[in-house]
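Here's the structure we're looking at; comments come further down.
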Amino acid sequence: MPAIFQKIDKIRPAYDMTYRVVLFLCKLLLVVDILITTMAVAGRYISFIPDPAWSEEVVLTCMSYMAVLSAALAIRRGAHIRMTAFDRYLPAKVVKSLDIIADLAVLALAVIMITVGWKYATGIGSKGTYVSMPKVSRFWMYFPVPLAGVAMLVFEVEALYNHVKSFFVKEGME
Numbered sequence: 001m002p003a004i005f006q007k008i009d010k011i012r013p014a015y016d017m018t019y020r021v022v023l024f025l026c027k028l029l030l031v032v033d034i035l036i037t038t039m040a041v042a043g044r045y046i047s048f049i050p051d052p053a054w055s056e057e058v059v060l061t062c063m064s065y066m067a068v069l070s071a072a073l074a075i076r077r078g079a080h081i082r083m084t085a086f087d088r089y090l091p092a093k094v095v096k097s098l099d100i101i102a103d104l105a106v107l108a109l110a111v112i113m114i115t116v117g118w119k120y121a122t123g124i125g126s127k128g129t130y131v132s133m134p135k136v137s138r139f140w141m142y143f144p145v146p147l148a149g150v151a152m153l154v155f156e157v158e159a160l161y162n163h164v165k166s167f168f169v170k171e172g173m174e
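According to the UniProt record's numbering, the sequence shown is numbered sequentially starting from 1.
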C-alpha cells in the first residue's frame, strides 16, 4: 500500500505552493489594511493628508478576506480549534478515526462555503455597489467566502489524505 502513497505524495509541492500563495495574500491584505487605516486616522488630524470616504469599506473587506483565508491556513497547519482533552485517554486508532470524521465535516463546510458563497457573491453581491465607491460591485465583499472555501477544500483534502495515510504508513517509514 505505501507505493500508492509515494505517488500521491508527489503532488505535495502543489499544496505547499497553494499555502504560500494564500499566506502571501493574507500578508499583502494586512499591509494594505494597516496603510489605509493609518492614512484614514492621520487624515482626521493632519490637514494635508486625505481621509478618503472609501477607507472604512475597503478595510472591512480586507479584514473579511484575511479572516476566512487565515482559517484555511490554520487547517493546513492543524492549528484550528478542536477538542483534544480526551485524546490521551483514547486509543490512537480511535483518535485518528475521529480526526477523519472531523475532516469530513470541515470538507462539507468547504463545499457549502463554495456553493452558497458563490450564489451570494453572484446574486446579492452583483446587484449592489459599495456606498462610497459606486463603480465597485459588492461582489468583492461576498467573494472571500467561496475563495476561502476553495482554499479550505484544498487543505482539507490534504489533511484527510494524511490522516488516512497514517493508518497504513508508520511514522518514520516514509
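Backbone N, C-alpha and C define an ideal beta-carbon position, used for all residues, glycine too.
Contact annotation: the region 148-155 does not touch the region 85-92, with fewer than three C-beta pairs closer than 8 Å. Taking 7 Å as the cut-off, the beta carbon of T61 is found closer than this to the beta carbon of M141. By the C-beta criterion, the region 10-28 is judged not to be in contact with the region 88-98, since fewer than 3 inter-stretch pairs fall below 8 Å. According to DSSP, residue pairing for S137 in a beta bridge involves T129. Taking R138 as reference, the option from C26, L28 and V58 with the minimal CA-CA separation is V58. Here V169 is near P2, since their CB atoms are less than 7 Å apart. The alpha-carbon of D51 is positioned some 53 Å away from that of V164. DSSP, read as helix, strand or coil, puts T84 in coil. Restricting attention to I34, I114 and D99, the CA atom closest to the CA of V68 is found in I114. CA-to-CA, the gap between K10 and V157 works out to about 15 Å. Nearest Cα to V111 within the set V145, Y89, G128 and A121: V145. In the three-state reduction of the DSSP assignment, F155 falls in the helix class. At the C-beta level, A148 and A79 stay beyond 7 Å of one another. No residue range can be given for S47, since it is assigned to no alpha helix (DSSP H) and is classified by DSSP as neither H nor E. Just so you know, the alpha carbons of L28 and I81 end up roughly 25 Å apart. Distance from the CA atom of Y89 to the CA atom of F5, rounded to whole angstroms, is 29 Å.
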